[in-house]
Amino acid sequence: MKLNRIKLLLLDVDGVLTDGQIIYTDSGEQIKSFSSKDGMGLRLLMDNGIRVGIVTGRKSDALAHRCRNLGIDLVFDGISDKGAAFIKIAEQTGILAKDIAFAGDDLIDLPAMIRAGVSFTVPDAPEEVKLKADMVTSARGGHGAVREICELILKSKGVWEQLINKYLS
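Those letters in the sequence shown? Residues 55 to 223, by our numbering.
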């Protein structure tokens, strides 16, 4: 895999950053559960110069709060054509498609996954998605899959040991 080239990680939300469950309150508010370990991985990526963006079919206040908390400002929500969004993001950021990784978990993610330099999916993705992914994480969405991806990217760039040593000193 060409992980050491990655300059931007794009993520689907439901099923990748979350476990895919969407919980509604009686008043109609959405509740999403995010992994703190995934958040730490994303912060480590961003702190090491790798951009992070979101491409999701749904809009939610919970996601907006999570992105603000993590400092993710490249957010494309309410997207039905993820392939077109991928192209737009590449043009907007000036980052070549081969230097972008995309993580998705369902059929709607395939147009972005096939355009990305490296694509990831999760173990419970449909077989058609797993066949198109460069890598299937061992962890499930919302349970460390994104952290796993972040660590792989950082290790491929040779900065993981420095990060560990920073926390040990």
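Beta carbons: idealized from backbone N, C-alpha and C, even for Gly.
Being a predicted model, the structure only gives us computed values, none of them experimental.
**Study point:** Per-residue DSSP class, three states only, for G137
**Key:** Looking up residue 137 in the sequence shown gives position 83. DSSP places G137 in helix when its eight states are reduced to three.
**Study point:** Member of V67, M94, L65 whose CA lies at the smallest distance from the CA of I218
**Key:** On the sequence shown, position 164 is the one that residue 218 refers to. Residue M94 is the option with its Cα nearest to I218.
Exercise for review: May I ask you to verify whether the segment 208-218 touches the segment 178-188, counting CB pairs closer than 8 Å and requiring at least 3?
Suggested key: no
Check your understanding: Which residues in the same chain as G132 place their Cβ atom closer than 6 Å to its Cβ, once the five residues preceding and following it in sequence are excluded?
Key -> As a position in the sequence shown, residue 132 is number 78, starting the count at 1. Contacts found: K113.
Point to revise | Element boundaries [alpha helix (DSSP H), containing N183] | key: Along the sequence shown, one-based indexing puts residue 183 at 129. Correcting the residue type first, residue 183 is Val in the shown sequence and not Asn. 181-186 is the span of the alpha helix (DSSP H), which, as asked, contains V183.
Check your understanding: Going by C-alpha distance, which of D163, A139, A118, D101 is nearest Q216?
Key -> By 1-based counting over the sequence shown, the position of residue 216 is 162. Ranking D163, A139, A118, D101 by Cα distance to Q216 puts D101 first.
Point to revise | Beta-carbon gap between L92 and G171 smaller than 8 Å | key: The residue given as residue 92 occupies position 38 in the sequence shown. The residue given as residue 171 occupies position 117 in the sequence shown. Looking at the sequence shown, residue 92 is not Leu but Asp. Taking 8 Å as the Cβ cut-off, D92 and G171 do not qualify as a contacting pair.
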